[in-house]
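Engineer:
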Amino acid sequence: MKIAIVCYPTFGGSGVVATELGIALANRGHEVHFVTYKQPVRLELLSNNIYFHEVHVPEYALFHYQPYELALSSKLVDTVKLHGIDLLHVHYAIPHAYAGYMAKKMLQEDGIFIPMITTLHGTDITLVGKHPFYKPAVTFSINKSDIVTSVSQNLKDATLDLFTIENDIEVIPNFIDVTNYDNTFTDCQRSLMAKDNERIITHISNFRKVKRIPDVIKIFHKIQKKIPAKLVMVGEGPEKEKAELLCEELGIADKVIFLGNSNQIDKILCFSDLFLLPSETESFGLAALEAMINKTPVVSSNAGGIPEVNIQGVTGYLSNVGAIDEMAKNAIQILEDDEVLNTFKERAFENAKRFDIKNILPIYEAVYERALQFR
Ligand code: GMT
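Per the UniProt record's numbering, the sequence shown starts with residue 1, numbered consecutively.
1. Could you tell me whether the region 222-234 touches the region 327-344, where touching means 3 or more Cβ pairs closer than 8 Å?
2. Below 8 Å on the Cβ atoms is my guess for residue 207 versus residue 239; work out the distance and round it to an integer in Å.
3. At a cut-off of 7 Å, would you count residue 33 as near the ligand GMT, judging by its Cβ distance to the nearest heavy atom?
4. Quick check on the burial criterion: 16 or more other C-beta atoms within 10 angstroms. Buried or exposed for residue 75?
5. Is the beta carbon of residue 379 sitting closer than 8 Å to the one on residue 159?
6. So, with DSSP's three-state summary, where would you put residue 166?
7. Check whether the Cβ atoms of residue 310 and residue 288 sit closer than 8 Å, and answer yes or no.
8. Nearer than 7 Å: is that true of the beta carbon of residue 341 relative to any heavy atom of the ligand GMT?
9. Taking the straight line between their C-alpha atoms, what separation do you get for residue 164 and residue 214?
10. Does any heavy atom of the ligand GMT sit closer than 7 Å to the C-beta of residue 282?
11. By a C-beta neighbour count over all protein chains shown, 10 Å radius and 16 as the cutoff for buried, is residue 47 buried or exposed?
12. Pick helix, strand or coil for residue 14, following the three-state DSSP scheme.
13. Quick one: give me the first and last residue of the beta strand (DSSP E) that residue 193 is part of.
14. Taking just the CA atoms, how far does residue 307 sit from residue 327?
15. State the Cα-Cα distance for the pair residue 304 and residue 110, rounded to the nearest angstrom.
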């Protein structure tokens, strides 16, 4: 099949999932065309079956807001025509499903019928999409998609709750490629981050408010009073500066390492002992899954779809949003004993395997086959 994938190319779960899916589809022999404004961050190598089409939005002084949706839908029309694309797979309702639908309608004028699959990732529904300014357009785009998928049962339920949806939503969870983790890392450089007697705690995100970054710092503050530890903070975003200040205020600045964005999160997770994810809401929590496959247990909130990934008392612990004391207590319980920690590490790894791409890819391929019948 010839598949056009539309996604956000920046650091963030939806872009990562779209990119990894595209790479896996290309490895299966499909021709994959990424259509977005920048080469996706995890798309390092362009292989034979992978193409990247950049959407340019020319700056024009007349416009207060440059019309990205217009440029994207035009690019999709051109890409479909030029490369004989069979279907569109858009990740994120805003504005991708909307632009995709416009492209579909324009193509129909030329007698080209192209099905569109929309994958909902969370923020497009639970945070931004439900806002009255966007809601009618989001509802419309979802209802006009030929097939709609969501990355967790929780996100499906939230979508049905918040919008008037006429079509079915199929849950297809996010995934990781287990074969990449069959052998343990040989160059895991733990000593770069911490002394031998210290535990390493990690948080990875885009440092938006929804991630509750101050909670991460406060939980760590409590942990390090009981257990020698370092906190590794990976990512960039609006809450980062405040977080650095909070570390100084709490007198733990020397124990918290801010690494910025990284393309090598496996190299960081391979020496991590615990992952913190106290988010306000999270449709899935791909970062938690990436931690688990790297044998890192997770202490998280129980918000959104996180309980579908992190299993209470098995792969880590879950608490109500904002329950900092309980999260710190649970973290200490996992970290204070080597045997307990190793048990959690092994169970995190075993459970992460449920989300192996080899189980998920055929589900997407079946969805594509079904979508082709809409032509
Ligand atoms: O919240 C983020 O880190 C970014 C956001 C995105 O849109 O890329 O992530 C969303 O999609 C991910 C992939 O499906 C999910 O793992 C995240 O849970 C989800 N974020 C939220 O729901 C807040």
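Don't be surprised by glycine CBs; every beta carbon is placed ideally from N, CA and C.
Structural biologist: To lay it out plainly:
1. yes
2. 4 Å
3. No; taking the cut-off as 7 Å, the Cβ of residue 33 has no heavy atom of the ligand GMT nearer than that.
4. buried
5. Because the chain spans 1 through 375 in this model, residue 379 falls outside it and cannot be assessed.
6. Reduced to three states, the DSSP call for residue 166 is coil.
7. yes
8. Result no, Cβ not under 7 Å from the ligand GMT.
9. 35 Å
10. yes
11. exposed
12. helix
13. Careful: residue 193 lies outside any beta strand (DSSP E) and carries neither H nor E.
14. The straight-line gap from Cα to Cα measures roughly 15 Å.
15. 42 Å
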